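Novice: Those protein sequence lines, which keep their order, are chains R and G. Mapping to our numbering: the first sequence position 227 is 227, numbers consecutive. Mapping to our numbering: the second sequence position 607 is 1607, numbers consecutive. Each residue gets a CB set at the ideal place from its N, CA and C atoms; glycine is no exception. Since the model is a prediction, treat every value here as computed from it, not as a measurement. The structure's right below; bear with me while I get my questions together.
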Amino acid sequence: MTDLAFEVRDVSYRYQQVPALDGLSLEIRRGERVALLGANGSGKSTLLRLLAALHFPDRGDILYFGESLSERRLQDEEFFFRFRRRVGVVFQNPDIQLFNPSVFDEVAFGPLQLRWPRDQIRGRVYETLETMGISRLADRAPHRLSGGEKKRVALASVLVLDPEILLLDEPAAALDPGSQSQITDFLVSWGGGSKTVVTATHDLDTLEDIADRCYVLENGKVAGEGAPLAILHDVPLLERTKLVRPHHHVHDPSAPQPGPHPHLHRRP
Amino acid sequence: MHIPDGYLSPSTCAGFYAASVPFWYAALRRLRHALHTRMLPLLSVFSAFSFVIMMFNLPLPGGTTGHAVGMGVSAIVLGPWASILAISIALVIQAVFFGDGGITAIGANCFNMAIAGSLVAYAVYRVAAYRAAIGSTRRVVAAGLAGYLAINTAALLAAVEFGVQPLFFHDAAGSPLYAPYPLAVSIPAMMIGHLTIAGLAELIISAGLVAWLQRTDPGLLERTAPDAAAGPSVRKLWLGLAVLLVLTPLGILAVGGAWGEWSARDFADPQVRRQIAAASANHAPPQRAPSGLQRLSTIWTAPLSGYAPAFIRNAPIGYLVSAAAGTSLILLCGLLLKQLLPDRRRRRKTFIEKTTTTLARALQHAFFAEETANSGGFLQRLDPRVKLVGIGSLIAATVAVHQLWMLAAILALAVVLARLSRITLRNLSTRVWIAVLVFTGAIALPAIFLTPGEAIYRLPVLGWPVTSQGLRSAALLFLRAETTATLSVLLILTTLWPHLLHALRFFRVPVVVVVLLGMTYRYIFLLLETAREISESREARQVGVMQPADRRRLAAATAGVLLSKSLWVSGEVHMAMLARGFRGEVYLLEDLRLRWNDWLPLGALTAIAAAAIWFGR
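Pasting the structure below:
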């Protein structure tokens, strides 16, 4: 069996007549944590949906452990269940992801769809709610939850299946800093490092925590690739792809003047 | 338009449930394959959209506002069968969760609005749009016409359902037991409002949204457009429309005397007998007049009798005059009571402010319901199935009993149950009693004067007689409406919606219906929030006074933005479902066992209901 979880080969995809991906190629190894960086509209969310086999490429090919992910392949029930079981997707907007009337039903949806034995499902759902620290929400309706709680429920609804590959679209978007760090901490510790995690984000602060390797996307193509630190130091790349804004500041006047230069602010 | 509990007799309610079931069944069967695809989230989001659109106040000529049902646009976008389901689901959630429309009347309300409304809207749209291009103005006009005719058909059906009640259901003394007005009063009273206000609101929404879709998402109009694969031929639709017209009691009204309102003498006149037979699909009428008819034939002239000049005492003219008098009395009462509503303000609110208030109130109601359901009182601890059956049978008993004291006893029981379940009297009165007082009061009050019978008092100046039959009839209607509304609010304030859905599965409601109810309910809140945000931001930007045409355009555009958002949501939800293994089948985790200690309250509640029906006959 190949060690590549995903192999994206020269993929193009148009979304409602607008080109979203344009001849993009990349590889994601098993057990690797990869970040897809890019500004709004760079194609990272689209790529994530193609990896999740929710859309299919117009041109090019996506291989999942060496097997082509085509619409036809997904028609096969056995493959469909195997794929959905192993690949979990957390959408950016939890209001989309949470379509059930209660948190319990939400988390039970995946296992029910994958036809797990019913007596196992109940226990597994409570276990997952416990792990995510949201047992007390089990009977609540999703529309009554806070943003942070919704995000946790969305994560729980995917993690209940214990997927091997997790595809995350902006996991910390629109959360307050406290909830953000909780989600990040959870993802860092999840699966003890044996899981494959692909995160689409434009948040550079947590990059080193959540990824071993990054791809920078621009206009539906890969504009750069490398380890998080290398990418964070490649200021011209980050500026060009609109991930940081060009920005001058003045140093302490008593220190030797380095002259104006582009800067990245990193938190300690 | 939403018929509350207590206005229709149990047999009428049962009849309309029975009439609706084949349509629901046919719709589910026809959509069986479609529901395995994007249709499932689309249908539920559309249903939620229709729910929210019913809360939109639309500016109408003359400074009034009205609201639409959305059956026009849903029949055009989803096709007639899916539209039947979508509107039915919205109506069920309204009845059960928001107390808008009665639980026993769900069958009748769905028949009028979801079934007849969707079918008429679809047929009119197909016929009127014919083969016009997707983007043509003709389609916009056709959509407006479809919405207008659909809502008026629904209103007419409701009026007929009200109007036949006093004929068939009255006690020995002649007091109507349910809706008290005959067809001659109920039809004009309903139709005046719908031909003008509600009809126009539906017209604006249907036409406005089709125009919006032509610009933003024309693909959605193709399902019901000329080349749609499985659509019936236009000729068949013409035929269908013609049949509907014939069936419409309005058509029969034009033929002879009001259908079902032949005077007692008509039953003896051979020529009239032939007319009646022709109008009732060749069923010969009974030889003798039904006993109630004899008494009710004087209904028209009751308040005017003795004072009316001779020409009014002439039967046909008297009939018309008192019908007009009755109708205007009802409308007048409605207007007066509306003025007494608590939230009257010095400045008239704009339609946007009204919409924002309505939306906020719906959200607040949901919030309150969930808080109370979690608060752990007596009813809260019962199994949801026990509550559904127990309270359901109490509601049925309330509709079935004919004794005022028994109604009062059930109401007292409901109040006791409410107190045991930590619902205060203050909450009951602000949430239920005052609203019912205003609505049913406006309808029940004129019945005191309009019902023929023994006059026990005459109004000083007007000389209108208060009849004992009228008093009894008004009291029955009023108490029944208050009691059923109290009971249904008990159900929802003590039960979490997800639990209620699981209870439905116990009663063999198809899984796909339970899932649709759940998803619709979920997305109602998302769309309510979105609608409120849109309205609030419009409110914030609103400077100066708008021209009426601009106001209508703005309202339609707001609904359009909400529709686009709804459609986007439905596509996204489908993705999210697929990602978690949705392959067209939906499953629920159900635990159908009843604990032994659930049987006791279940037995008690149903026994009380049965006893009430027996002793309150």
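1) Kindly indicate which three-state DSSP category Ser1047/G falls into: helix, strand or coil?
2) Taking Cβ positions, are Tyr1130/G and Ala1146/G nearer each other than 8 Å?
3) Can you list, in chain order, the residues of its chain whose CB lies under 7 Å from that of Leu1501/G, leaving out five sequence neighbours each side?
4) Taking the C-alpha atoms as reference points, what is the distance between Ala1409/G and Ile1613/G?
5) Buried or exposed for Ala1133/G, please, with buried defined as at least 16 other CB atoms from any protein chain shown within 10 angstroms of its CB.
6) Is the Cβ of Asp22/R closer than 8 Å to any Cβ of chain G?
7) Can Lys44/R and Leu232/R be called in contact, C-beta distance under 8 Å?
8) Compute the beta-carbon to beta-carbon distance between Ser1050/G and Ala1027/G, rounded to the nearest angstrom, for a pair I have assumed lies under 8 Å.
9) Is it buried or exposed for Gln1287/G, if we count other Cβ within 10 angstroms and need 16 for buried?
10) Under 8 Å by Cβ, that's how I've got Leu21/R and Val11/R pegged, so tell me the actual separation to the nearest angstrom.
11) Pull up the distance between the alpha-carbon of Ala227/R and that of His202/R, whole angstroms please.
12) Straight-line CA distance for Tyr64/R to Glu239/R?
13) Using a Cβ cut-off of 7 Å, pull out every chain G residue sitting near Phe109/R, in sequence order please.
14) Relative to the C-alpha of Leu1359/G, which candidate in Val1466/G, Pro1218/G, Ile1524/G, Pro1182/G has its C-alpha closest?
15) Following the continuous beta strand (DSSP E) through Phe6/R, name the residue where it begins and the one where it ends.
16) The alpha helix (DSSP H) that contains Thr1153/G, what's its start and end?
17) For Thr308/R, tell me which candidate among Leu243/R, Gly31/R, Arg14/R, Tyr15/R has the shortest Cα-Cα distance.
18) Can Ala156/R and Thr128/R be called in contact, C-beta distance under 8 Å?
19) Which of the three DSSP states, helix, strand or coil, is assigned to Lys221/R?
20) Does the beta carbon of Phe56/R come closer than 8 Å to any beta carbon on chain G?
21) Specify the secondary structure class of Arg1344/G as computed by DSSP and reduced to three states.
22) If I measure Cβ to Cβ from Arg1138/G and keep anything under 7 Å in the same chain, skipping five residues before and after, which residues do I get?
23) Using beta carbons (cut-off 8 Å, strictly below), is Gln113/R in contact with chain G?
24) Do Leu37/R and Leu243/R have their CB atoms nearer than 8 Å?
25) Got a sec, what are the start and stop residues for the beta strand (DSSP E) Asp209/R sits in?
26) Going by the DSSP bridge assignment, what does Ala200/R pair with across the sheet?
27) At a CB-CB cut-off below 8 Å, which residues of chain G make contact with Pro142/R?
28) Following the continuous alpha helix (DSSP H) through Arg84/R, name the residue where it begins and the one where it ends.
29) Under DSSP, the alpha helix (DSSP H) around Glu106/R begins and ends at which residues?
30) Rounded to whole angstroms, how far is the Cβ of Leu1078/G from the Cβ of His1067/G, which I believe are closer than 8 Å?
31) Quick one: which chain G residues come within Cβ less than 7 Å of Arg118/R?
32) Which chain R residues are close to Phe1525/G, counting only those with a beta carbon under 7 Å from its beta carbon?
33) So for Pro57/R, helix, strand or coil by DSSP?
34) Determine the direct distance from the alpha carbon of Met1577/G to that of Leu50/R, and round the result to whole angstroms.
35) Quick check on this structure: which residue in Arg73/R, Leu98/R, Trp116/R, Asp162/R has the alpha carbon closest to the alpha carbon of Ser146/R?
36) I want to see whether chain R comes within less than 8 Å of Leu1428/G, judged by CB atoms only; does it?
Specialist: According to the structure shown:
1) helix
2) no
3) Val1514, Leu1517, Gly1518
4) 12 Å
5) exposed
6) no
7) no
8) With a Cβ gap of about 15 Å, Ser1050/G and Ala1027/G do not count as contacting.
9) Low confidence applies to Gln1287/G: its pLDDT is 43, below 50, so where it sits in the model is not reliable enough to give any reading.
10) 6 Å
11) 15 Å
12) 33 Å
13) Arg1580
14) Ile1524/G
15) 4-15
16) 1137-1168
17) Because residue 308/R is not part of the residues shown, which for chain R are 1 to 268, the question remains open.
18) yes
19) strand
20) no
21) Confidence at Arg1344/G is low in this model, with a pLDDT of 45, below 50, so its placement is unreliable and the value that follows should be read with caution. Reduced to three states, the DSSP call for Arg1344/G is coil.
22) Ala1129, Ala1132
23) yes
24) yes
25) Note, Asp209/R: premise wrong, no beta strand (DSSP E); alpha helix (DSSP H) at 207-210.
26) Leu36/R, Asp169/R
27) Arg1522
28) 77-86
29) 103-113
30) Leu1078/G to His1067/G, Cβ: 20 Å. No contact.
31) Leu1589
32) His143
33) coil
34) 15 Å
35) Leu98/R
36) no
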